Amino acid sequence: HLIPTLWIFVLLHYLGSYALHAVISHARFLFHREYIYAIHISNADLKLKDPKMITRDLVFDGVLVRLYWPKTSPAGNRKGIIFLHGGVALFASIRTSARICHSLAHGTDSVVMCVEFRLAPEHPYPVPVLDCLTAVIHFLKNAKEYGVDPNCIAIVGESSGGTYAAAICQELVTREDLPRVRAQVLIYPFLQAVDFNLPSYQQSHSVPPLFRKRGVKFGMTYLTGKTMNVDGILKGAHVPPDLREKYQKWISANNIPEEFKARGYVPVAPAPFSEELYEQVKRGYETMFAPLHAEDDIIRQLPETFLLTCEYDVLRDDGLLYKKRLEDHGVPVTWYHVQDGFHGIMAMAGLKAIEYPSTQKCLQNVIQFLKGL
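In the numbering used here, the protein residues as written are 91 to 463.
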């Protein structure tokens with residue numbers, strides 16, 4: 091059962107979300123972008139109100155970024171943190187990420203870069219993640235110009251930003267011309283597109299803000315640039331038999347510890363394969379979209395990892411499965427599981443009136459990990 095405080099969030103979500111459903115459907119997500127992140131409205135002026143922070147908007151090879159420098163005197167080059175925001179590549183911006191970026195910069199005395207990547211449906215996959223990759227490569231190549239030690243740069247991603255962080259770290263492991271990323275911080279990321287009936291998808295299917303069906307629908311909008319019926323995808327009809335067999339060893343409820351099935355789990359047989367559905371979503375098997383699909387020789391080369399999962403989150407098991415793969419291949423993993431947490435909990439950081447009790451614990455665990463690098 092959800093704890094009482096979360097039921098308040100549930101009620102607020104239902105009142106707002108469903109009242110706006112018709113508007114959202116006809117506004118191509120533009121109004122919903124503002125609704126989902128309305129709690130961040132004060133971020134608009136934060137850039138100008140922090141006397142202890144220098145903030146600049148720059149363009150890295152065509153991609154807008156915002157850099158944060160604490161107004162302190164470092165002994166040498168600082169650590170660098172690249173922050174990639176969530177929102178399923180449909181919502182959010184550098185503005186809505188301001189409070190988290192300020193907290194990371196102050197808490198770790200690091201230079202923080204936040205990326206303003208283009209959003210779907212106007213710019214579907216792979217445009218958003220490639221924008222992030224472009225900005226990351228520029229920052230790695232030119233770190234010293236911004237007062238950053240190129241050998242101590244971490245990539246931090248929240249939700250779909252965690253997807254991008256994982257995908258970019260995989261992409262960079264073979265780039266010998268670039269400094270090696272020091273660490274990846276993955277905060278309740280989406281990581282696979284094969285099985286939407288894992289225990290966490292069943293247990294938290296109606297827990298806001300990321301309902302099971304809505305989350306998959308948003309993900310497919312990011313992938314294809316259009317709204318589509320996802321009923322067949324939820325049943326597994328989009329997975330060809332050969333790919334299902336290939337991914338079974340990595341993406342299976344059998345790899346989820348038994349204690350995470352205690353709230354309920356019933357194995358679901360996949361629906362018959364649909365070639366038509368597969369053709370619509372086949373790019374969803376690419377590792378830039380779903381990093382858990384990567385081959386073992388890539389996984390074993392990944393940097394030290396901090397992984398945060400939440401109990402009341404459909405994406406919990408994506409994180410647990412990635413944790414197992416990383417650990418199986420000798421990658422050091424610091425795991426923080428929020429027993430009373432839900433998807434998006436860190437987005438409330440700094441908003442005292444509605445900040446969830448565990449929000450600051452999540453943020454401080456991330457900060458402590460980054461400080462220890």
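For each residue, glycine too, the CB sits at the ideal point set by N, CA and C. On a predicted model such as this, the values are computed, not experimentally measured, just so you know.
Y236 carries a helical assignment under DSSP once its states are collapsed to helix, strand and coil.
Taking all protein chains in view, the Cβ of S163 is surrounded by fewer than 16 other Cβ atoms within 10 Å, so the residue is classified as exposed.
By the Cβ test, the segment 431-439 is in contact with the segment 246-256, since at least three Cβ pairs between them sit closer than 8 Å. Here E206 is buried: its Cβ has 16 or more other Cβ atoms, across all protein chains shown, within 10 Å.
Under the 10 Å beta carbon count, N287 is surrounded by 16 or more other beta carbons and is classified as buried. Note: P160 is bridge-paired with M143 in the DSSP secondary-structure output. For F280, the secondary structure class from DSSP, reduced to helix, strand or coil, is coil. Ranked by Cα distance from L262, the first of S296, L410, E365 and L230 is L230.
Taking a 10 Å sphere around the C-beta of V356, we find fewer than 16 other C-beta atoms and assign the residue as exposed.
V153 carries a strand assignment under DSSP once its states are collapsed to helix, strand and coil. In this structure, K161 places its C-beta atom within 8 Å of the C-beta atom of M143.
The DSSP-derived three-state label of I227 is helix.
Three or more beta-carbon pairs separated by less than 8 Å are not found between the segment 277-292 and the segment 189-202, which leaves the two stretches without contact.
Between the alpha carbons of R272 and G322 lies a distance of about 40 Å.
With a cutoff of 8 Å on beta-carbon distance, Q260 and P393 are scored as not near each other. In the structure shown, I346 falls within a coil segment according to DSSP collapsed to helix, strand and coil.
In the same chain as F150, and ignoring 5 residues on each side of it, the C-beta atoms closer than 6 Å to its own belong to A225 and H228, in chain order. For D321, there is no enclosing beta strand (DSSP E); the enclosing alpha helix (DSSP H) covers residues D321 to L324. In the structure shown, I444 adopts coil according to DSSP, grouped into three states.
Taking all protein chains in view, the Cβ of S296 is surrounded by fewer than 16 other Cβ atoms within 10 Å, so the residue is classified as exposed. DSSP places R373 outside any beta strand (DSSP E), giving it a letter other than H or E. Around L148, the same chain offers V155 and L157 as residues with beta carbons nearer than 7 Å, after the five sequence neighbours per side are excluded. Contact annotation, V404 with G305: C-beta distance approximately 6 Å; criterion of less than 8 Å satisfied. In this structure W159 is in contact with V201, their Cβ atoms being roughly 6 Å apart against a cut-off of 8 Å.
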